[in-house]
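>
Number of protein chains: 2
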Amino acid sequence: MQANLREHIEKIISLTDDEFAFVQSHFITKQFSRHEFLITSGQPVKHTYFVISGLIKLIHTDDNAKEHIVAFAMEDWWESDFQAFYKGTKATMSLQCLEDTTVLCLTLDGYNSLCSGLNKMEYFFLKKANAGHIAAQQRILSFLTSNARERYEMLLKRYPSLFQRVPKTQLASYLGVSRETLSRLST
Amino acid sequence: MQANLREHIEKIISLTDDEFAFVQSHFITKQFSRHEFLITSGQPVKHTYFVISGLIKLIHTDDNAKEHIVAFAMEDWWESDFQAFYKGTKATMSLQCLEDTTVLCLTLDGYNSLCSGLNKMEYFFLKKANAGHIAAQQRILSFLTSNARERYEMLLKRYPSLFQRVPKTQLASYLGVSRETLSRLST
DNA sequence: TATTCTTTGTGATGTTTGTCACACCATGAT
DNA sequence: ATCATGGTGTGACAAACATCACAAAGAATA
Chain Z
1 MQANLREHIE KIISLTDDEF AFVQSHFITK QFSRHEFLIT SGQPVKHTYF
51 VISGLIKLIH TDDNAKEHIV AFAMEDWWES DFQAFYKGTK ATMSLQCLED
101 TTVLCLTLDG YNSLCSGLNK MEYFFLKKAN AGHIAAQQRI LSFLTSNARE
151 RYEMLLKRYP SLFQRVPKTQ LASYLGVSRE TLSRLST
Chain E
1 MQANLREHIE KIISLTDDEF AFVQSHFITK QFSRHEFLIT SGQPVKHTYF
51 VISGLIKLIH TDDNAKEHIV AFAMEDWWES DFQAFYKGTK ATMSLQCLED
101 TTVLCLTLDG YNSLCSGLNK MEYFFLKKAN AGHIAAQQRI LSFLTSNARE
151 RYEMLLKRYP SLFQRVPKTQ LASYLGVSRE TLSRLST
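Chains as they are written, first to last, in full-length UniProt numbering: chain Z, 1 to 187; chain E, 1 to 187.
The following block contains the structure:
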């Protein structure tokens, strides 16, 4: 089960068996069913999640109760309401399953203990944070430079599997267009 | 001159004089005039920059030679084409001065030496990377939830000084709307 | 002073996208 | 089998926004 995690981490740093045992001791495994919430807006955020299998969405609900998808997370992705997680404040976003999902859970104490106990892990999280920053900036750029059709095509090219796994309504919400407009793009 | 840097870093970690001397030794100061380029698209990216004074913009130029502003950076901000900087690849974006600007320059070797030589600095950069990720995600959210007027008002509320320092054409490019549309929002 | 460049506003018009309404189909629950 | 539910496509119309064109005011420069 946690082989995924080791393989994932070792793409960036190498670990001895003892070191991985130490890493592993900070995580607990949890399972969630489709539609279940890992994080609920307004509630405290106890964990950062590493997705073992399944698919989840990070969403923000606006004043008109309209839902906007800030991010998807699938196998080998880390996700949380990071702002709330690091600051210890209440969630402004929710994290919900699109499929039955298995995750590894890491608390903030666990995160800090990992970083201070095994310095390589701080380096690992630094790399991950930088990658997250760069990816988010690329998405900003797609809003600046591209219309709905182009953003849709870029998304499909980059993550073809989403097309199979996620209803188009959800893709529309991620792309920032209405369901109807997305439906009309195919032609 | 580098007092800014020390104060900036000590908002997150504390440093002895010796430690700060070590940090300081990794930076060189450079001055650029308005319109000058710190990074040119297609060229190697030698540095990450810490802005001492002035104002710069991170831009991407699309196929139609239209310029899009990915980020502004003013006093106490870090900026670069991070993807190219960390990977050692050629820049896909440019970094250009909107005002006469003084920056501290850090090479990739310097960055790595800083992180390995003084562990607190790795922690510092981790915090900064996380903050960058969260800020970028907030901007994505503004594209998903808000129209041009709302994004404009949010920007002015958050960074009122930009309104004084930057022509509206540039603000429009940052917000992802045309100059004309922005001009008509005021009413 | 004369002149060029930058910045900004604004009208006219077309394109893109959102919203509302309705229909159809598949799926799973009772 | 029947019923609800969620996902999808599409027509009609309205709103938001882009583009093109032109004008005017201010800043920079010769």
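Glycine included, C-beta positions come from ideal geometry on N, C-alpha and C.
(1) Under the three-state reduction of DSSP, which class applies to residue 126 of chain Z: helix, strand or coil?
(2) Return the CA-CA distance between residue 78 of chain Z and residue 106 of chain Z, expressed in angstroms with no decimal places.
(3) Sort E/64, E/42 and E/27 by Cα distance to residue 48 of chain E and report the nearest one.
(4) Against chain Z, with Cβ distances strictly below 7 Å, would residue 130 of chain E count as a contact?
(5) For chain Z, is any of its Cβ atoms less than 7 Å away from the one on residue 185 of chain E?
(6) Please state whether DSSP places residue 35 of chain Z in a helix, a strand or coil.
(7) Counting Cβ pairs closer than 8 Å, one from the region 128-148 of chain E and one from the region 159-167 of chain E, do we hit at least three?
(8) Closer than 9 Å, Cβ to Cβ, to anything on chain E: give me those residues from the region 148-165 of chain Z, in chain order.
(9) Starting from residue 52 of chain Z, follow the alpha helix (DSSP H) in both directions and report where the run begins and ends.
(10) Ordered along the chain, which non-local residues of its own chain (more than five positions away) have a Cβ less than 7 Å from that of residue 45 of chain E?
(11) If you follow the alpha helix (DSSP H) that residue 169 of chain E is in, where does it begin and where does it stop?
(12) Considering only the alpha carbon of each residue, which of Z/112, Z/72 and Z/117 lies closest to residue 19 of chain Z?
(13) Who pairs with residue 103 of chain Z in a beta bridge, going by DSSP?
(14) So if I threshold CB-CB distances at 8 Å, which residues from the region 109-120 of chain Z count as touching chain E?
(15) At the 7 Å Cβ level, is residue 143 of chain Z part of the contact set with chain E, yes or no?
(16) Using 8 Å for Cβ pairs, my map puts residue 95 of chain E next to residue 52 of chain E. What's the rounded Cβ distance?
(17) Classify residue 42 of chain E as buried or exposed, calling it buried when 16 or more other Cβ atoms lie within 10 Å of its own Cβ.
Answer, in terms of the structure:
(1) Against the first sequence, residue 126 of chain Z aligns to sequence position 126. Residue 126 of chain Z falls in the helix class under three-state DSSP.
(2) Taking the first sequence and counting its residues from 1, the one referred to as residue 78 of chain Z is at position 78. Taking the first sequence and counting its residues from 1, the one referred to as residue 106 of chain Z is at position 106. Going from the Cα of residue 78 of chain Z to the Cα of residue 106 of chain Z covers about 10 Å.
(3) On the second sequence, residue 48 of chain E is found 48 positions in, with the first residue counted as 1. Considering only alpha carbons, the answer is E/27.
(4) Along the second sequence, read from residue 1 onward, the residue named residue 130 of chain E stands at position 130. Cβ-Cβ to chain Z under 7 Å: yes for residue 130 of chain E.
(5) In the second sequence, counting from the first residue as 1, residue 185 of chain E sits at position 185. It does not: the Cβ of residue 185 of chain E has no partner Cβ on chain Z nearer than 7 Å.
(6) Against the first sequence, residue 35 of chain Z aligns to sequence position 35. Correct three-state label for residue 35 of chain Z: coil.
(7) Verdict: no, contact absent.
(8) none
(9) On the first sequence, position 52 is the one that residue 52 of chain Z refers to. Looking at the DSSP string, residue 52 of chain Z is not in any alpha helix (DSSP H); the run it does join, the beta strand (DSSP E), is 48-53.
(10) Reading the second sequence from its first residue, position 45 is the one you call residue 45 of chain E. Excluding residues up to 5 positions away in sequence, 39, 80, 81, 84, 85 and 91 lie with their Cβ nearer than 7 Å to the Cβ of residue 45 of chain E in the same chain.
(11) Numbered from 1 along the second sequence, position 169 holds the residue referred to as residue 169 of chain E. From DSSP, the alpha helix (DSSP H) with residue 169 of chain E extends over 168-175.
(12) For the purposes of this step, residue 19 of chain Z is taken as residue 19 along the first sequence, with counting starting at 1. Closest option to residue 19 of chain Z, Cα to Cα, is Z/117.
(13) As a working note, residue 103 of chain Z is residue 103 in the first sequence. Note: residue 103 of chain Z sits in a beta bridge opposite Z/30 and Z/51.
(14) 115 and 119
(15) Counting from one through the first sequence, the residue named residue 143 of chain Z turns up at place 143. So, interface residue.
(16) Counted from its first residue, the second sequence places residue 95 of chain E at position 95. Counted from its first residue, the second sequence places residue 52 of chain E at position 52. Not really, about 15 Å apart at Cβ, beyond 8 Å.
(17) Translated into positions along the second sequence, residue 42 of chain E becomes position 42. Its Cβ having fewer than 16 others within 10 Å, residue 42 of chain E is exposed.
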